[in-house]
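Position one of the sequence shown corresponds to residue 5 (the numbering used here), numbered consecutively onward.
Backbone N, C-alpha and C fix where the C-beta goes; we use that ideal spot for every residue, glycine too.
To start, the structure itself, in structure tokens.
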Amino acid sequence: MRWALLCPLLLLIALPISMLLLSWWQVDGAVWDHLAEHLLPRLVGNSFLLLFVVGLGVTLLGVSLAWLSACCEFPGRRWLDPLLILPLAFPTYVLAFIYLAMLDYAGPVQTLLREHWGLSPAWLDAISGPVGVIPIMIIAFFPYVYLLTRTSFANAGVHTFEAARSLGHAPWRVFLSVSLPAARPAIVAGLSLALMETLADFGAVSIYGFDTFTTAIYRTWLGLFNLQAATQLASLLMLFMLVLVLTERATRDVRAAQPERSQSGRRIQLGPCLRWLATGFQVAVILVGVVIPAVQLLIWAGPDLASLFQSDYLELIVNTLKLAAWGSALVVIGGLLLLAASFRAKRSISMIAELPAFGYAIPGSVLAVAIMLALTGLDRWLGTALAGGLGALLLAYLIRFLRIGAGSLEGVAAKIRPQQLEAARSLGAGPIERFRRILLPLLRPGLIMAFLLGLVEIAKEMPATLMLRPFGWDTLAVRIFELTAEGQWERAALPALVLVVLGSIPSILLMRDRWVGQTRSSQ
């Protein structure tokens, strides 16, 4: 029974990987000579540059903020701490076009400098490529490191730090030699997630004109109309992703072996200057990552808010919500199947059951070309038209976000006691009745969270939607890409604002949980 549930899901993850591998059976030498001479060195160099600088940035920012929030006391901590999650509500391509437009020659920043101070700094006009996109990615992805590392610091508590300090060691030496090594698995896990998102990003790098594998895949397929070369490029991107997935998997085993301890109620008391510097640091991050982008979107979108009720925008919103709802339903169903296959199973089956959830590490652009290649072959063989249908896009959503459904349900299922199911079985309840009357009510919070998270992530997903959408199925993300590609920043603000509102749903839920946890711990 377990294998009957697992096999279809294993085939899903095998589909894109097998297509990527099979694409190398036939290689166009002329195309690859051109790519190797003019494109590949730049793509590899740009990818390593992004990985190194963004990785360094999110680590420094995420770890420092996590340490302050988890272990130190300073003014406004309880209010600022939950707000540091909110940058997750902004898609990277939305942050990218906001700051590019704000810092442009005709944007508000340079206009203000010229009119009031007579300044026209030339370096602001040079903000493009890596200089522009790297800070955007650091602001957008540091919450991954922050969330996991903060939990690790909080579980260790301040008493470990104080014990080392009592031996006469300086605070910085204790932090570097005791606290930081203990949090290393969480840091590496959060960093792996951030780097996966960095490699998978398409919107921000395309807005700033910075060539990466994702932009090259898009141009090779839809610009050069060479699906096979695009698939081969996608397979190279998968090599980067494989290393990150294996790293994250190894650190997850280490974290699972670490016992959790309650946070000590006593926090490190910072000095008068350091207290306000810590407050100012967190306020600055929130301003750059949340407040300034939100205010600018509202200013741009304000005159056009009435357009939301016009037919073209209503169609975009309806298409976005339809695709997100259908995709989220598939994600929830897939998560339930994975849970049913791995629940109380042997370790070998549980490890195999994790394989389908690795689809979250496959970028949307890679999934798009792999699925299109597979369905195009089926269409030629069967005489069908699967490649141009809505099913191809929904299949990409299911593979890409199955991890959301599985992860949301795993935490809830871990709290279900075997005695509850045994008691129902002893009363004569069959499998279906046990599922309907026992498991389903207990899993309801996880099901709701999986659906909401899937809804938001699918609504923000741009590469797969851009490449696989059928004719007439434009979404908010697609409209943002089309408008920003033409430099129409203000017109892109309205669909971006709607996406940010959708993206704030899971962030607000996380903030609520954190606030409740802080309130209980302080009582």
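Inset, instruction - Look at the alpha carbon of residue 498 and the alpha carbon of residue 506, and state the distance between them as a whole number of angstroms. - result: 13 Å
Legend entry - Where residue 246 falls, given that 16 or more other Cβ within 10 Å makes a residue buried: exposed
Inset, instruction - Answer yes or no: do residue 462 and residue 401 have a C-beta to C-beta separation smaller than 8 Å? - result: yes
Inset, instruction - Label residue 468 either buried or exposed according to how many other C-beta atoms from any shown protein chain fall within 10 Å of its C-beta, with 16 as the threshold for buried. - result: buried
Inset, instruction - Look at the alpha carbon of residue 193 and the alpha carbon of residue 407, and state the distance between them as a whole number of angstroms. - result: 15 Å
Legend entry - Candidates 387, 405, 376 and 411: closest to residue 394 by CA position: 376
Legend entry - Residues sharing a beta bridge with residue 77, DSSP: 273
Inset, instruction - Identify, in the order they occur along the chain, each residue of the same chain with its Cβ nearer than 8 Å to the Cβ of residue 11, setting aside the five sequence neighbours on each side. - result: none
Inset, instruction - Return the residue from the list 427, 342 and 104 that minimises the CA-CA distance to residue 413. - result: 342
Inset, instruction - Measure the Cβ-Cβ separation of residue 321 and residue 480 and say whether it is below 8 Å. - result: yes
Inset, instruction - Return the CA-CA distance between residue 330 and residue 15, expressed in angstroms with no decimal places. - result: 20 Å
Legend entry - Cβ separation of residue 145 and residue 62, assumed to be a contact under 8 Å, to the nearest whole Å: 5 Å
Legend entry - Within 8 Å, strictly: CB atoms of residue 487 and residue 290: no
Inset, instruction - Report yes if the C-beta distance between residue 305 and residue 92 is below 8 Å; otherwise report no. - result: no
Legend entry - Nearest-angstrom Cβ-Cβ length linking residue 187 and residue 153, presumed shorter than 8 Å: 5 Å
Legend entry - Per-residue burial, residue 475 [other beta carbons within 10 Å of its own, 16 or more giving buried]: exposed
Inset, instruction - Helix, strand or coil for residue 94, going by three-state DSSP, please let me know. - result: coil
Inset, instruction - Pull up the distance between the alpha-carbon of residue 484 and that of residue 496, whole angstroms please. - result: 5 Å
Legend entry - Where the alpha helix (DSSP H) through residue 188 begins and ends: 188–204
Legend entry - Neighbourhood of residue 532 by C-beta, 8 Å cutoff - its chain only, sequence neighbours within 5 removed: Because residue 532 is not part of the residues shown, which for the chain are 5 to 527, the question remains open.
Legend entry - Run of the alpha helix (DSSP H) containing residue 383, from where it starts to where it stops: 368–386
Inset, instruction - Flag this pair as touching only if the stretch 212–224 and the stretch 34–53 have three or more C-beta atom pairs under 8 Å; answer yes or no. - result: yes
Legend entry - Under the three-state DSSP convention, the category residue 50 falls into: helix
Inset, instruction - Tell me whether the beta-carbon of residue 336 lies closer than 8 Å to the beta-carbon of residue 458. - result: yes
Legend entry - Whole-Å CB distance - residue 379 paired with residue 473, under 8 Å assumed: At roughly 14 Å, the Cβ-Cβ gap does not stay under 8 Å, so residue 379 and residue 473 are not in contact.
Inset, instruction - Confirm, please, whether the CB-CB distance from residue 78 to residue 282 is below 8 Å. - result: yes
Legend entry - CB of residue 66 within 8 Å of CB of residue 149, strictly: yes
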